[in-house]
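Okay, structure first, notes after.
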Amino acid sequence: MELRRDDSGQGPIVTGFAGRGFRVRDDVFPDGLLLSPVRALAWRDAPGIDGLTVAALGDLLDGEPRPEFLLLGTGGGLRQPPRSFVRDLEARGIGVEAMDSRAAARAWGVLRAEERWIVAALLPL
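One rule links them: number in my numbering = place in the sequence shown (from 1) + 442.
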């Protein structure tokens, strides 16, 4: 008998790591990953943490309903995002939770299992 977790209502979930990147089901995202409750996108040309801007997130924040917060994976270790980036998101009513990218990938799965409406930006490991 094979048991499998039912994650159909959670949207894309990070299922593992591959080199400096992330695995979502059968797809590998080597350069970084943008996640919403309905899609996973390769984050090509992801900036370093010090160069992070709202514009670098593309249309990640434009969905409805507005996300509760951005789960920010800062790479292989925890780094604080630029204060201007955090202020810009807070001005839109979106909070920021920063942690290393592995922890952020795990937190994403837990929060989506709770059906929290969030988005994530995971910098490469």
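In this text, a Cβ means the ideal position worked out from N, Cα and C, and glycines have one as well.
Which of helix, strand or coil does DSSP assign to residue i?
i, result
"L564", "strand"
"L629", "The displayed coordinates of the chain run from 443 to 567. Any statement about residue 629 would go beyond what the structure contains."
"G493", "helix"
"L512", "strand"
"L477", "strand"
"A533", "helix"
"L502", "coil"
"P523", "coil"
"A488", "coil"
How far does the beta strand (DSSP E) with residue i in it extend, from its first residue to its last?
i, result
"V538", "537-541"
"V470", "469-471"
"G458", "456-460"
"G463", "463-466"
Here's a check: name, in chain order, each residue in its chain whose Cβ is nearer than 7 Å to the Cβ of residue i, leaving out the five neighbours to either side.
i, result
"P454", "V466, L477, R481, A482"
"Q522", "A540"
For residue i, which residues in the same chain have their Cβ closer than 8 Å to its Cβ, ignoring the five residues on either side in sequence?
i, result
"T457", "R465, V466, R467"
"F527", "L494, T495, V496, V538"
Please work out which residues of its chain come closer than 6 Å, Cβ to Cβ, to residue i, disregarding the five sequence neighbours upstream and downstream, and give them in chain order.
i, result
"A498", "P489"
"G517", "S543, L565"
May I have the straight-line CA-CA distance separating residue i from residue j, to the nearest angstrom?
i, j, result
"F511", "V496", "13 Å"
"R462", "V470", "10 Å"
"L567", "A547", "11 Å"
"G537", "F459", "26 Å"
"L502", "G493", "17 Å"
"L553", "A563", "14 Å"
"D487", "E506", "25 Å"
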